[in-house]
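Residue numbers (the numbering used here): 141 to 552. All residues carry an ideal CB built from backbone N, CA and C; glycine is no exception. Keep in mind the model is a prediction, meaning the values are calculated, not measured.
Put into structure tokens, the structure is as follows:
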């Protein structure tokens, strides 16, 4: 695999950007794990050295139709001929809001944002206004950015720690934020009972509950992941699939909580929120999802990956102390090394993750690059599937994975 141009670009990046990047997700701790993408089409990437890779990152999971989907690009191009319309009301904002709220029955109003961080900071501000309290509760392994004021971290999936927190600080808590499927450190699925306990304790304490559905909303079905658990919340964060890879997300929730946004001064709001290109892309993505066929394709290809992994990869570890698990949720998966008898193959908390996983994953990711497979460099990064990943591409990935594992496993 050629790397000359890639290394040159990374060297320039190191001189120009703090940490050589504009996004911590792609922090180049090891330059051997990085590629400099020149173009993307379908599920294939071409880098600046003209290497090609089968893509399992898909723009951080936003490209469920594959890169440069002609139907979506055509829809946006047709509308943009009328102008970018940044800073103006446009009819498409209303159409998108109505479409989203149709599938979010617990939400009464919605506000668009251009960035997840801005939306979360606004949610913190609104919760503090609603409750006249300061403290915010978040959970280890979730990604909620930075914001001022009192903040407490708790371990995931720990009923006792949660109960103790609310006994001590429930009447001081303004907001509780949790991803319904925590993804900040790989997939850390939570027991439904734990999420239900959070809901009941926030109601009892009078705290606002935010479910972060950036990764999960509209990926497996029209609506949210938590709606299948018969849970409700006060505010939810949407992004990921609806963004189409553009800076676009939304807060949706109860009118009484979002109401103070109506009193904002012009300088307090997200200036480009509801911009036409982002709105059009979200409309195009959601419109294609409504008949359910896209979701069914994602469910089926995820199921095929799970079954083939169990058949072809799991047996490689039958007599080894270290094993590799594949955790998945519709259209999302991650690979995780663990030590038999000591760690869990499917952890639910950050502290359950095998300490040597990062080192082994780094070596595996570099071996896969050599074989034309792109997985995210971060050992806690998520991998994604699109409707263009078929059996042929999954088989290609698993064969490359088998060969790569034979290269890095001790004793081979």
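Other residues of its chain near residue i: CB distance less than 7 Å, five sequence neighbours each side excluded
{"i": "residue 311", "result": "345"}
{"i": "residue 340", "result": "none"}
{"i": "residue 153", "result": "160 and 161"}
{"i": "residue 299", "result": "334 and 337"}
Beta-carbon proximity list for residue i, same chain, < 8 Å, skipping 5 on both sides
{"i": "residue 409", "result": "401"}
{"i": "residue 192", "result": "184, 185, 186 and 512"}
{"i": "residue 302", "result": "294, 334, 337, 338 and 341"}
{"i": "residue 434", "result": "204, 205, 428 and 527"}
{"i": "residue 461", "result": "479 and 480"}
{"i": "residue 368", "result": "361"}
{"i": "residue 514", "result": "175, 185, 193, 194, 195, 196, 197 and 508"}
Own chain, CB closer than 6 Å to residue i, minus 5 neighbours either side, in chain order
{"i": "residue 500", "result": "477"}
{"i": "residue 257", "result": "285"}
{"i": "residue 88", "result": "Any answer about residue 88 is impossible in this case: the structure gives the chain only from 141 up to 552."}
{"i": "residue 419", "result": "232, 233 and 236"}
{"i": "residue 390", "result": "250, 252 and 378"}
Which of helix, strand or coil DSSP assigns to residue i
{"i": "residue 240", "result": "helix"}
{"i": "residue 309", "result": "helix"}
{"i": "residue 553", "result": "No answer is possible for residue 553: it lies beyond the span of the chain, which begins at 141 and ends at 552."}
{"i": "residue 293", "result": "strand"}
{"i": "residue 197", "result": "coil"}
{"i": "residue 468", "result": "strand"}
{"i": "residue 172", "result": "helix"}
{"i": "residue 181", "result": "strand"}
{"i": "residue 475", "result": "strand"}
{"i": "residue 501", "result": "helix"}
{"i": "residue 187", "result": "strand"}
{"i": "residue 251", "result": "strand"}
{"i": "residue 445", "result": "helix"}
{"i": "residue 352", "result": "strand"}
{"i": "residue 554", "result": "With the chain covering 141 to 552 only, the question about residue 554 has no answer from this structure."}
{"i": "residue 208", "result": "coil"}
Pairwise C-alpha distance: residue j and residue i
{"i": "residue 330", "j": "residue 264", "result": "23 Å"}
{"i": "residue 558", "j": "residue 323", "result": "Absent from the model: residue 558. The displayed extent of the chain is 141 to 552, so no value can be given."}
{"i": "residue 489", "j": "residue 362", "result": "28 Å"}
{"i": "residue 503", "j": "residue 496", "result": "11 Å"}
{"i": "residue 365", "j": "residue 218", "result": "33 Å"}
{"i": "residue 480", "j": "residue 518", "result": "23 Å"}
{"i": "residue 472", "j": "residue 522", "result": "7 Å"}
{"i": "residue 386", "j": "residue 486", "result": "32 Å"}
{"i": "residue 351", "j": "residue 374", "result": "8 Å"}
{"i": "residue 230", "j": "residue 416", "result": "7 Å"}
{"i": "residue 197", "j": "residue 270", "result": "38 Å"}
{"i": "residue 232", "j": "residue 383", "result": "15 Å"}
{"i": "residue 247", "j": "residue 370", "result": "14 Å"}
{"i": "residue 412", "j": "residue 224", "result": "11 Å"}
{"i": "residue 392", "j": "residue 173", "result": "37 Å"}
{"i": "residue 372", "j": "residue 546", "result": "46 Å"}
Distance between beta carbons of residue j and residue i, contact taken as under 8 Å
{"i": "residue 377", "j": "residue 260", "result": "7 Å"}
{"i": "residue 175", "j": "residue 527", "result": "With 8 Å as the limit, residue 175 and residue 527 do not qualify as a contact, their Cβ atoms being about 24 Å apart."}
{"i": "residue 276", "j": "residue 290", "result": "7 Å"}
Neighbour flag for residue i against chain C, beta carbons, 7 Å
{"i": "residue 460", "result": "Absence of chain C from the displayed structure is noted, only one protein chain being present."}
*beta strand (DSSP E) runs contained entirely in the segment 362-417, provided each spans 3 or more residues*: 375-378 and 389-393
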